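Engineer: Quick one: structure below, then a few questions.
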Amino acid sequence: MAVAANGERFSDPAKVEKWFGRNCKEVVGRLCSPAEKADFVAYMSEVR
Amino acid sequence: MKPLLLLALLSLSLPALADRLPLPASTPASYKTECGSCHLAYPPALLGAADWRRILSGLKDHFGSDAEPSPAQKQEIATFLERNAGNTGKLGNAGEPPRISNTARFVRKHDEIPKRFWRDPRVKSAANCEACHTHAADGRYSEHDIAIPELRE
């Protein structure tokens, strides 16, 4: 999932939104806030 | 002699054909991404058109997941499934919600599989074709392509 492992990650905004939509609902039971999404993308972009 | 030879060849090729279920060349990209990212993009011929319609109308709660695609993609997928759906008369009733693994065809094709194989953690569920059919993604479901030696013994 990390950008370090797959450079294509988070490069397609529609795809990113789709999966946030699905996974936030399934995992946290509600939609994620923009700040939560930003934190997640930032973490996944930096983690090695 | 010739008709006999043809008949022999035909009888050899028929079972093989039945085990080949590649996605149609016309399969839209949306079907592969929307219906193939969580599970195998199932061959459309494994459910009848009415059952596919029921699946599509319930994607908001698709076996516990929200799998609703965009309206444009959904329309494209619906058209594709409608055109390539299987014959319900031959497949048998898929139940409610429709499941490929509930159809008589699926049950018949798998009737020699012991229950403990289905429960194996590497298999997890009858929806997980690729656990045993290692070439399912290429549409190859032949018995010769089943490769879980541990399950076989």
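Quick mapping for you: the protein sequence lines, in order, are chains A and B.
391 is the number that the working numbering gives the last residue of the first sequence; the numbers go up by one with no jumps.
160 is the number that the working numbering gives the last residue of the second sequence; the numbers go up by one with no jumps.
Heads up, the beta-carbon is just placed ideally off N, CA and C, and yes, glycines get one too.
The model shown is predicted, which means the values in this text are computed figures rather than measured ones.
Quick one: measure Cβ to Cβ for Thr141 of chain B and Ala133 of chain B, integer angstroms, because I've assumed they're closer than 8 Å.
Structural biologist: About 16 Å separates the two Cβ atoms, so there is no contact after all.
Engineer: Give the range of the alpha helix (DSSP H) segment to which Pro377 of chain A is assigned.
Structural biologist: Per DSSP, Pro377 of chain A belongs to the alpha helix (DSSP H) from 377–389.
Engineer: What does Asp68 of chain B touch in chain A if you count any residue whose Cβ is under 9 Å from its own?
Structural biologist: Those within 9 Å of Asp68 of chain B in chain A number zero; the least Cβ separation is about 11 Å.
Engineer: Anything in chain A within Cβ reach of Ser72 of chain B, meaning under 8 Å, just list it in chain order.
Structural biologist: By Cβ distance, chain A contributes Arg365, Glu369.
Engineer: Per DSSP, Ile153 of chain B forms a beta bridge with which residues?
Structural biologist: Per DSSP, B:His140.
Engineer: Tell me whether the beta-carbon of Leu47 of chain B lies closer than 7 Å to the beta-carbon of Glu119 of chain B.
Structural biologist: Not a contact, by the Cβ cut-off of 7 Å.
Engineer: By Cβ distance, which residues of its chain are closer than 8 Å to Glu377 of chain A, with the 5 residues on each side in sequence left out?
Structural biologist: The sequence given here places Pro at residue 377 of chain A; Glu does not occur at that position. If we look at Pro377 of chain A and ignore the five residues flanking it on each side, it has no Cβ neighbours.
Engineer: CA-CA distance, Val346 of chain A and Ser72 of chain B?
Structural biologist: Each residue's Cα considered, the two are about 25 Å apart.
Engineer: Classify Arg352 of chain A as helix, strand or coil using the three-state DSSP reduction.
Structural biologist: Arg352 of chain A falls in the coil class under three-state DSSP.
Engineer: Tell me, please, whether the region 95–108 of chain B touches the region 53–63 of chain B by the rule of three or more beta-carbon pairs shorter than 8 Å.
Structural biologist: With the cut-off at 8 Å, the region 95–108 of chain B and the region 53–63 of chain B touch.
Engineer: Between Glu35 of chain B and Ile107 of chain B, how many whole angstroms is the CB-CB distance? I'm expecting something under 8 Å.
Structural biologist: Reading the sequence as shown, one finds Pro at residue 35 of chain B and not Glu. Contact flag wrong, Cβ pair sits at about 20 Å.
Engineer: Under 8 Å by Cβ, that's how I've got Pro29 of chain B and Asp145 of chain B pegged, so tell me the actual separation to the nearest angstrom.
Structural biologist: Sure, about 7 Å apart at Cβ, within 8 Å.
Engineer: Between Pro105 of chain B and Ala111 of chain B, what straight-line distance do the alpha-carbon atoms span, to the nearest angstrom?
Structural biologist: So the alpha carbons of these two residues sit roughly 12 Å apart.
Engineer: Name the residue from B:Asp127, B:Glu41, B:Phe87 whose alpha carbon lies nearest to the alpha carbon of Leu66 of chain B.
Structural biologist: Per the Cα distances, B:Glu41.
Engineer: Using the rule of at least 16 other Cβ atoms within 10 Å of the residue's Cβ for burial, across every protein chain shown, is Trp59 of chain B buried or exposed?
Structural biologist: It counts as buried.
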